[in-house]
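Visitor: All residue numbers for the sequence shown refer to numbering that gives the first Met the number 0, where the first residue is 0 and numbers rise by one.
Each residue gets a CB set at the ideal place from its N, CA and C atoms; glycine is no exception.
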Amino acid sequence: MNAFFYYFYNFMRTFFGHIWNVLVAIKDAIIGIFDIRYYMELFNTYKDDLSVFGWIAAIIVHILMITLLALFVYLIWKGLKIVFRFKVPVAEYEKMKDEVVTLKREIMKANYQKDKILAMKISELGMELNADLLDTPKELFKAGDVFDGDMDEKNADEMEELEDDNKVEVVETKERRFPRLSGVDLIYKDPGYQPPEYDYTITLEEVCINFRNFAASRLGLYYDLEVMKQAFASFGAAKMLILQGISGTGKTSLPYAFGQFIQNPSVICSVQPSWRDRTELFGYYNDFTKKYTETDFLKTLYEAHYYEDPRIVILDEMNIARVEYYFAEMLSILELPREEERFVSVVSNTAASDPELMKEGKIWIPNNIWYVGTINNDDSTFAVADKVYDRAIPIDLDDRAEYFEAPDTPPMRLSYKHMDRLYEEAKEKYPVSEENLMLLDKLDKYLIEHFRLTFGNRIMRQMKDFVPCYVACGGTEIDGIDFMFAKKILRKFESLGLGFIRDELDGLVIYLDHEFGSENMGISKAYLARLKRMSTVRLGEGNDKDGKHRLCS
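What follows is the structure, given as structure tokens:
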């Protein structure tokens, strides 16, 4: 056994002795590297023998060595900082965690104060209040509904003092998943609510003129009367209107001004580039809070059940994201032939406390809402799919309207039922004439033969609805046909490859002159002229340096 201890002692002494020698050598090397006195003595030994070139070389070498040593020290310092950096986040994390807890408490206090103020406002109106929104802080604490355990009883006591200062009488009800929609029920079910008095005598043409004068006299916004006719006739043919053109021509202000005119403000939904699906518009159910995240769009759909006023929903810059992604479900629902089938599913189950007009987790899409999308065609936006254009009616706003003297015109209250009745009367009174229907049928065959395009059932249905409404707004039948042909048919030409149809455009202009008269179809002819110019420019860009033509669409 003694032999083992001697062996172990000598082994360990040798092993750790070499380690010690390495450490000593490193220490001596570091001290030697920074031994400035030795370098000075060494330099003094040779300085008398140095020539001018030698002095210059020595100075350069010393500067380089000092720089190298400084870089060496800097790298060691950075390395040590990286090695020990993990100690910093731990301390910062604890500090931030305390701050987050404090902020959560303050947020809850602020929300509680807000709910109390809301409660007092509703109480002043004599309405009942949903009690689940006013649970006391202690009740919330006991139920475990606050901030992952960050709230303690002391904080709950502090907030309980806030409640003592703002006592209101509430009616106890079950927890509501849709507090905003349930609030709508409370407002309109209140016995004191009185619906407004509507003007049931105004005509479509008067609506166009009065709105134009109101916008000019009260808002300082000027629009061409022809745009007014096109816009209001469009609402009689489709639920969706698209306003497109350059910035600053009034695409957003037009539907906004109409909301002010009828005293039912339009809802502006600013589309974001991140919108990918329907939840951006309709909201979503939060499994953590057990409440539905309600959007202004959803609230507007629900609230429109309670009144007769038309309501405008503006999808501002709708093509900054792909319309066919986030608005696809609405496009399909609005196309359903039977209005009573236009339901959108909000949640997959039902609860006793759900809003009164929500049936089996679904909301009916009311008829008194019109949807207006604004489009800027530039490099930052997406191209709008044909299926969106087919279901809507586009209007180009490329110029600012001229100033005009308008009489002072007050706002009014307009009933959607009255508007709908005016549209139906217009379709009965001003149907498209048989002569023009025959011309459209011939034009359809001409387009199929020369351009492989056809009107389609949807476009013909929209045209038969739009033209009578346009006439009722003060326009003429042929101008209504001209507008729809340009916006619904000729628009498709841009996707055909203008280089290939360029020679056919002149023939179409001649055909329109022959069939409809040279004095008519001005919008369509102007559109064809623009397409021809575009094809000329693109073909010019397709010529190479030798003048050889390349096909360019």
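(1) Would you check if there are 3 or more beta carbon pairs closer than 8 Å linking the region 251-261 to the region 289-304?
(2) Considering residue 269, what are the terminal residues of the beta strand (DSSP E) in which it resides?
(3) Run through DSSP, which three-state label would residue 157 get?
(4) Where in the region 330-356 do unbroken runs of the beta strand (DSSP E), each at least 3 residues long, occur, reported from the N-terminal end onward?
(5) What runs of the alpha helix (DSSP H), each 4 residues or longer, lie entirely inside the region 168-218?
(6) Label residue 98 either buried or exposed according to how many other C-beta atoms from any shown protein chain fall within 10 Å of its C-beta, with 16 as the threshold for buried.
(7) Taking 6 Å as the limit between beta carbons, can you name the residues of its chain near residue 295, skipping five residues before and five after?
(8) So the beta strand (DSSP E) residue 254 belongs to, where does it begin and stop?
(9) Looking at C-beta atoms only, is the number of pairs between the region 373-390 and the region 468-483 that lie closer than 8 Å three or more?
(10) Could you round the C-beta distance between residue 414 and residue 199 to whole angstroms and report it? I think they count as a contact, below 8 Å.
(11) Can you check which of these residues, 421, 511 and 394, is closest to residue 375 by C-alpha distance?
(12) Please report how far the alpha carbon of residue 158 lies from the alpha carbon of residue 102, in whole angstroms.
(13) So which of 342, 370 and 464 has the shortest CA-CA distance to residue 425?
(14) If you draw a straight line from the alpha carbon of residue 10 to that of residue 28, how long is it in whole angstroms?
(15) Assuming residue 503 contacts residue 450 under a Cβ cut-off of 8 Å, what Cβ separation, rounded to an integer in Å, is found between them?
(16) Between residue 110 and chain C, is any beta-carbon pair separated by less than 8 Å?
(17) How about residue 71: is its Cβ closer than 7 Å to a heavy atom in the ligand ADP?
(18) By the three-class DSSP mapping on this structure, what secondary structure does residue 1 have?
(19) With DSSP run on the structure shown, which of helix, strand or coil describes residue 315?
(20) Count Cβ pairs between the region 354-371 and the region 202-216 that sit closer than 8 Å; are there 3 or more?
(21) Given residue 233, which residues of its chain have a CB within under 6 Å of its CB, disregarding the five upstream and five downstream residues?
(22) Taking just the CA atoms, how far does residue 360 sit from residue 523?
(23) Of the residues 345, 336, 333 and 222, which one's Cα is nearest the Cα of residue 279?
(24) Between residue 135 and residue 181, what straight-line distance do the alpha-carbon atoms span, to the nearest angstrom?
Guide: Looking at the atomic coordinates:
(1) The region 251-261 makes no contact with the region 289-304; the number of CB pairs closer than 8 Å stays below 3.
(2) 266-269
(3) With a pLDDT of 49 at residue 157, under the threshold of 50, the modelled position of that residue is not reliable, and the figure given next carries that caveat. Under the three-state reduction of DSSP output, residue 157 falls in the helix class.
(4) For the region 330-356, whole beta strand (DSSP E) runs of length 3 or above, ordered along the chain, are 342-344.
(5) 178-188 and 203-217
(6) exposed
(7) 266
(8) From DSSP, residue 254 is part of no beta strand (DSSP E) but of the alpha helix (DSSP H) over 252-260.
(9) no
(10) 6 Å
(11) 394
(12) For residue 158, the predicted model reports a pLDDT of 48, less than 50, meaning its position is unreliable; a value from the coordinates is still stated below. Approximately 14 Å, taken between the alpha carbons.
(13) 464
(14) 27 Å
(15) 7 Å
(16) Structure shown: chain C not included; a single protein chain is present.
(17) Ligands in the displayed structure: none, and consequently the ligand ADP is not present.
(18) Under the three-state reduction of DSSP, residue 1 is assigned to helix.
(19) Look at residue 315 here: in three-state DSSP terms it is strand.
(20) no
(21) Counting only Cβ-Cβ distances below 6 Å, and skipping sequence neighbours, we find 240 and 392.
(22) 47 Å
(23) 345
(24) Note that residue 135 has pLDDT 48, beneath the 50 cutoff, so the model's placement of it is unreliable and the number below is only indicative. Taking the straight line from one Cα to the other gives about 21 Å.
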